[in-house]
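Mapping to our numbering: the sequence shown position 63 is 107, numbers consecutive. Working notes, beginning with the structure itself.
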Amino acid sequence: MTSELPDINSSKVTERIEATAFQLLEENPEGLQWTDLRKRIEASDSSFHPKTVNGCVWKLVEKYPDRVHKPSKGLFRLLKYESG
């Protein structure tokens with residue numbers, strides 16, 4: 045079963061952060077390093093608290109194991125962009 049993607053227009057801050065993360069990972073098929081992903085999410089919306097962004101990014105793989113993985117330490121990538 046595939047997890048439902050978060051909604052960028054959600055009233056929940058965490059869901060908007062997760063949706064932004066998915067959007068950024070979609071735009072970067074090679075993946076993004078944790079620090080870069082976190083900084084880009086924070087830059088996308090000044091209302092996002094850095095600690096909330098940190099927690100959401102940290103839990104991406106745990107919450108969406110069927111969509112996101114870490115092929116190496118600190119690198120986040122969408123599973124659909126993994127080569128065989």
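We put the beta carbon where it would ideally sit given N, CA and C, even for glycine.
Two segments are said to touch when three or more pairs of C-beta atoms, one from each, lie closer than 8 angstroms; by this definition the region 76-84 touches the region 114-121. In the three-state DSSP reduction, Arg111 falls in the coil class, being neither helix nor strand.
Taking Ile61 as reference, the option from Ser127, Glu70, Pro50 with the minimal CA-CA separation is Pro50. For Leu122, the enclosing beta strand (DSSP E) begins and ends at 119-122. An exposed status is given to Ala87, since fewer than 16 other beta-carbon atoms sit within 10 Å of its beta-carbon. Comparing alpha carbon positions, the residue from Ile52, Val57, Ser47 closest to Pro94 is Val57.
In the same chain as Thr64, and ignoring 5 residues on each side of it, the C-beta atoms closer than 6 angstroms to its own belong to Ile85, Ser88, in chain order.
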